[in-house]
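To keep things clear, I will list the structure first and then write my remarks on it.
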Amino acid sequence: MSQYPNPVFPGPAYRGPMTISQVLERTFRLVRSHLRLFIGLGGVPAFISFLTVAAVEAVFMIPFFRHFPKPPDRESLAHQFNPAVTLPLFLICTLISSCVFALYLAAATRAATQADLGISISMGEAWREARDHAARYLWLLILLYAITFLPALVIELSTFGGAAMLTLGNPNPGVAVVIVIMLGMLLFFAALVFGILMVLRFALAFPACVVEGLTASAALRRSNQLTSGAKGRIFVVLLVIYVACYVFTMVLFVVLGALGFIFALVGMALNIPLASPLGYTAIGFVGLCALVGFLLYIALSWAGLTTTLAVIYHDQRLRHDTPPSKPPSAGVPA
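In the working numbering, the protein residues as written are 468 to 801.
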């Protein structure tokens with residue numbers, strides 16, 4: 468593949484069209500050369516997600532803390548798990564996570580697209596870009612969630628609801644429940660396939676929205692145009708990133724397990740009881756390593772995703788937006 472002047476983006480020449488291996492190689496080089504930037508950006512939503520989950524867990528564990536070491540009574544549990552308490556809490560946490568994630572996607576996309584063009588920006592510049600158009604990015608994320616995940620969620624809830632209605636007050640619901648569940652499973656699988664296809668179709672919506680300044684609906688249409696002829700390539704690249712993240716997770720579990728095993732052996736060799744200051748210190752250290760590994764995993768996985776989509780976005784823009792070369796005029800040698 469030859470290198471040619473970039474007609475879409477001013478600056479150095481750009482190599483294209485890119486193969487899957489070239490996309491992955493360029494993604495790796497970009498993430499490695501801007502590692503601090505991408506980890507810094509990805510650490511924000513990862514840490515906030517951790518705090519949100521920790522807050523929810525703390526709220527639900529309040530009855531156990533109040534009655535420790537005795538188990539809580541049923542009245543305390545019923546009050547704590549009351550839908551009037553859990554539903555607003557769930558909605559608040561979902562809203563916070565969605566807002567932070569939308570801003571992160573915009574900031575990381577800006578950083579990745581600029582890095583792919585050879586331009587370095589700071590974390591502050593990336594976050595300011597996301598903040599200035601926060602409503603647009605949040606609306607785009609909501610639309611993406613609704614298109615890709617809402618059908619599967621509706622089918623799942625309908626299946627469980629239908630099965631519950633058939634079994635309510637009927638000890639022998641018969642074949643009807645089995646039919647409802649089997650039909651629901653088939654529809655749910657179809658909805659998952661539909662969701663995957665929509666993810667591939669709208670994978671470049673955030674780069675289009677951030678780089679071209681499009682509205683959410685226009686970004687979806689633009690992504691549908693840019694992913695034409697590239698959905699298979701996007702699927703393979705995302706699959707490779709998923710496998711890499713899975714391997715990273717397995718390695719992290721092995722390292723943490725080995726670390727805990729070593730501490731346990733040292734404790735037994737020195738006759739250090741687990742319920743002691745040294746024992747609690749060792750548990751806290753392993754927990755801190757797990758937290759750092761979790762945050763690093765989230766930051767790197769999303770950095771790989773956003774950078775890959777930025778590389779593919781630029782490549783697809785060159786394919787779709789580059790004007791065709793004009794044929795030579797009559798009498799002019801080609």
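Ideal Cβ positions, reconstructed from N, Cα and C, are used throughout, including at glycine.
8 Å Cβ cutoff met for residue 498 and residue 571: Mapped onto the sequence shown, residue 498 falls at position 31. Mapped onto the sequence shown, residue 571 falls at position 104. Cβ distance not < 8 Å, so residue 498 and residue 571 don't count as in contact.
Local conformation of residue 669 per DSSP, three classes: Stepping through the sequence shown from its first residue, residue 669 is reached at position 202. Reduced to three states, the DSSP call for residue 669 is coil.
Buried or exposed by the 16-neighbour rule on C-beta atoms within 10 Å, applied to residue 581: In the sequence shown, residue 581 corresponds to position 114, counting from 1. Residue 581 should be labelled buried.
Same chain, Cβ closer than 8 Å to residue 758, neighbours up to 5 away in sequence not counted: One-based indexing of the sequence shown puts residue 758 at position 291. Taken in chain order, the residues that qualify are 517.
Candidates 667, 714, 718, 687, of which the one nearest residue 697 by Cα: By one-based count along the sequence shown, residue 697 stands at place 230. The residue from 667, 714, 718, 687 with its alpha-carbon nearest to that of residue 697 is 667.
Burial state of residue 747 (16 or more Cβ within 10 Å): Counting from one through the sequence shown, the residue named residue 747 turns up at place 280. Answer is exposed; the Cβ neighbour count stays below 16.
Classification of residue 646 by the beta-carbon crowding that lies within 10 angstroms, buried from 16 upward: The residue you call residue 646 lines up with position 179 of the sequence shown. It counts as exposed.
Cβ pair residue 669, residue 681 closer than 8 Å: If you number the sequence shown from 1, residue 669 lands on position 202. If you number the sequence shown from 1, residue 681 lands on position 214. Against a cut-off of 8 Å, the Cβ pair of residue 681 and residue 669 comes out as no contact.
Contact set for residue 781: own chain, Cβ-Cβ below 6 Å, skip 5 residues either direction: If you number the sequence shown from 1, residue 781 lands on position 314. Taken in chain order, the residues that qualify are 583.
Where the alpha helix (DSSP H) through residue 488 begins and ends: As a working note, residue 488 is residue 21 in the sequence shown. Counting along the chain, the unbroken alpha helix (DSSP H) around residue 488 starts and ends at 487-500.
Inter-residue Cα distance where the pair is residue 652 and residue 621: Within the sequence shown, residue 652 is the residue found at index 185, counting from 1. Within the sequence shown, residue 621 is the residue found at index 154, counting from 1. Roughly 12 Å separates the two Cα atoms.
Three-state class that DSSP yields for residue 588 in the structure shown: Residue numbering aside, residue 588 sits at position 121 when the sequence shown is read from its first letter. Of the three classes helix, strand and coil, the one that applies to residue 588 here is coil, per DSSP.
Alpha helix (DSSP H) segment containing residue 695, residue limits: Residue numbering aside, residue 695 sits at position 228 when the sequence shown is read from its first letter. Segment: none, residue 695 is in no alpha helix (DSSP H) and carries neither H nor E.
Assigned secondary structure, residue 681 (DSSP; H/G/I helix, E/B strand, else coil): Translated into positions along the sequence shown, residue 681 becomes position 214. Residue 681 falls in the coil class under three-state DSSP.
Contact check, residue 675 vs residue 693, beta carbons under 8 Å: Sequence index remark: in the sequence shown, residue 675 carries index 208 (1-based). Sequence index remark: in the sequence shown, residue 693 carries index 226 (1-based). The answer is yes: Cβ separation under 8 Å.
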